[in-house]
Amino acid sequence: MRALSAKNVVNAIRSVLGKGAHQLHEPLLKGKEIIFVSDTIKRNFVSTAGEYVNRFEKAVKKFSKSNHAIAVVNGTQAIFVSLKVLGVRKDDEVLVPALTFVGTVNAISYIGAHPHFIDSSWENFGVNCDKLEKYLSKNAQIIGNRCINKSTGNVIKAIVPVHIFGHPCDIEKVIKISKKFKLAVVEDAAEALGSFHKKKHLGTFGDIGCFSFNGNKIITTGGGGMIITNQAKLAKKIKHLTTTAKLKHKWEYIHDEVGYNFRMPSINAALGLAQLLKLRTFLKAKRKLFYKYMKVLKDINGISLFKEPKNAKSNYWLQTLILDKKNSKFKNKILKEFHKKKVFSRPTWQLISDLKPYRNNQKMDLSIARDIYKRSINIPSSQKLIIKNK
Ligand SMILES: Cc1ncc(COP(=O)(O)O)c(C=O)c1O
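In the numbering used here, the protein residues as written are 24 to 413.
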């Protein structure tokens with residue numbers, strides 16, 4: 024075994040990456056992308072209507088085995104609209120992990136609802152279900168069909184569990200808690216296309232699931248998102264609301280509420296469809312990259328690579344180094360060394376509850392999320408590190 028040092032870690036990772044600069048996650052656009060995108064241009068059908076949007080929605084629906092899929096402009100707005108159709112209103116509270124991307128939390132704020140921060144778990148980086156159940160039992164009470172926060176008097180209306188870095192959170196337990204406390208569930212599966220819990224695709228456990236197809240995700244549409252649900256009524260509402268709430272009519276423009284222009288353009292959907300054709304290949308490559316990193320790290324003391332939780336088949340979207348508890352002081356040294364060598368790596372997000380807009384929001388004890396932040400580093404994870412020159 025070798026001693027833990029920034030140089031040893033970076034050299035080990037370098038031996039997998041090879042020479043040159045490396046980004047954290049880059050798209051791989053080497054399939055039918057140009058053909059499909061050119062086709063939308065040739066047909067003059069590049070905007071929010073067209074065959075490619077339908078085809079892309081159908082393909083995601085089939086892959087995730089959900090009943091309905093609605094393509095939208097990005098993952099953040101997907102979460103916002105989902106919360107809205109589930110009845111989240113101004114001054115409601117929504118439970119959300121403090122350890123997530125800021126978009127998850129902003130989506131709650133756009134409604135005027137209050138993000139209420141919950142802790143994470145070392146098992147899967149997601150919701151800490153044991154802590155959450157105890158916390159709600161102590162701090163909330165069910166009155167009628169509603170969960171009331173005893174200290175604020177507000178309704179705790181929903182929970183947004185996040186599948187961090189593509190790893191399934193303990194979603195079955197989250198659903199159990201949500202039933203007990205009458206919470207709607209929007210799964211933030213932005214990072215988790217291609218990830219399964221007990222062979223069921225993430226995003227299909229809650230009322231609604233949301234994906235992101237930002238440029239750094241496992242597949243990309245440039246920018247984009249998708250909302251999936253098994254409930255026809257919700258799907259209809261989502262489609263209506265994201266299409267400016269326009270009523271069907273051949274020439275009149277009649278809108279029956281304040282809707283949003285959130286539908287995905289066809290040109291983006293064409294890119295997404297081509298990318299989706301490669302998803303299984305990408306998933307294999309990401310798993311292979313995980314094993315390669317495992318191999319080079321196993322001889323270094325005091326550091327490990329995060330492995331998918333039990334019962335999960337993760338897409339391994341972002342690979343994560345974990346420092347042993349006594350070694351957190353190495354985090355910044357390792358980050359510095361990576362950046363010196365032009366290898367982009369990053370810590371997990373700072374807790375959102377520490378950021379300026381959210382400092383005064385309610386939160387439970389967040390000691391595990393804090394510990395994860397102190398001891399985790401994401402390293403280059405692109406599928407193109409494995410799928411070369413294809
Ligand atoms: C966990 C998480 N939630 C939400 C989002 C928001 O998605 P988008 O960037 O498509 O708005 C992202 C990605 O960027 C994310 O990683």
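Yeah, the Cβ is synthetic: ideal placement off N, Cα and C, and Gly gets one too.
Within 9 Å, strictly: CB atoms of residue i and residue j
i      : j      : result
Ile345 : Val108 : no
Ala136 : Arg112 : yes
Val150 : Ala181 : no
Phe329 : Ser399 : yes
Val117 : Val183 : yes
Phe234 : Gly73  : no
Phe140 : Ile395 : no
Ala292 : Val76  : yes
Ala297 : Val281 : no
Glu331 : His224 : no
Ser70  : Ser289 : yes
His186 : Ile194 : yes
Glu80  : Ile64  : no
Leu122 : Thr371 : yes
Val32  : Ile326 : yes
Phe86  : Leu216 : yes
Ala29  : Lys359 : yes
Asp230 : Ser105 : yes
Asn334 : Lys309 : no
Gly226 : Ile242 : no
Bounding residues of the alpha helix (DSSP H) (the contiguous stretch that carries residue i)
i      : result
Val76  : Glu74 to Ser87
Lys180 : Not the alpha helix (DSSP H): Lys180 falls in the beta strand (DSSP E), residues Ile179 to Ile182.
His263 : Ala255 to Thr265
Val319 : Leu302 to Leu320
Val197 : Ile194 to Lys203
Arg25  : Premise fails: Arg25 is in no alpha helix (DSSP H) and is neither H nor E.
Ser368 : Ser368 -> no alpha helix (DSSP H), and no H or E assigned at all.
His362 : Phe353 to Lys363
Ile409 : That residue, Ile409, is in no alpha helix (DSSP H); it is neither H nor E in DSSP.
Gln100 : Gly98 to Val108
Leu159 : Cys152 to Asn162
Ile241 : Unbroken run through Ile241: none, as it is neither H nor E.
Residue i - containing beta strand (DSSP E), residue span
i      : result
Gln298 : It is not in any beta strand (DSSP E) - Gln298 instead sits in the alpha helix (DSSP H) that spans Ser289 to Leu299.
Ser38  : Ser38 -> not in any beta strand (DSSP E); alpha helix (DSSP H) instead, spanning Ala29 to Leu40.
Met249 : Gly248 to Thr252
Ala207 : Ala207 to Asp211
Val117 : Glu116 to Pro120
Ser399 : Ser399 to Ile402
Phe140 : His137 to Ile141
Where residue i falls, given that 16 or more other Cβ within 10 Å makes a residue buried
i      : result
Gln373 : exposed
Gln164 : exposed
Trp340 : buried
Gly110 : exposed
Lys318 : exposed
Tyr314 : exposed
Pro138 : buried
Asp322 : exposed
His45  : buried
Tyr276 : exposed
Ser160 : exposed
Ile200 : buried
His48  : buried
Lys259 : exposed
His263 : buried
Lys386 : buried
Gly376 : Here residue 376 is Ser; the residue named in the question, Gly, does not match the sequence. Counting Cβ neighbours within 10 Å, Ser376 comes out buried, since at least 16 surround it.
Asp347 : exposed
Ala213 : buried
Phe166 : Before going further, note that residue 166 is Ile rather than Phe in the sequence given. Its Cβ having fewer than 16 others within 10 Å, Ile166 is exposed.
Lys379 : exposed
Leu389 : buried
Lys240 : buried
Ser61  : exposed
Own chain residues within Cβ distance below 6 Å of residue i, not counting five before or after
i      : result
Thr266 : Arg286
Gln100 : Phe285
Asp115 : Ala136, Val178 and Lys180
Phe219 : Lys336
Gly295 : Phe79, Phe236 and Thr244
Leu257 : Val108
Nonlocal neighbours in the same chain, by C-beta distance under 8 Å from residue i, ignoring five residues either side
i      : result
Leu51  : Lys301, Phe305, Ser405, Gln406, Lys407 and Ile410
Val39  : Leu312, Lys315, Tyr316, Val319 and Leu408
Asn172 : Glu116, His139, Asn162, Ala163, Val178, Ile179 and Gln385
Close beta carbons around residue i, own chain, < 7 Å, minus the five adjacent residues each side
i      : result
Ile391 : Asp142, Ser143, Ser144, Trp145 and Asn151
Lys196 : Cys152
Ser174 : Asn162
Residues with a Cβ closer than 6 Å to any heavy atom of ligand 1, in chain order? Chain-ordered, the residues whose CB falls short of 6 Å from any heavy atom of ligand 1 come out as Asn97, Gly98, Thr99, Thr123, Phe124, Gly126, Thr127, Val185, Asp211, Ala213, Glu214, Ser235, Asn237 and Gly248.
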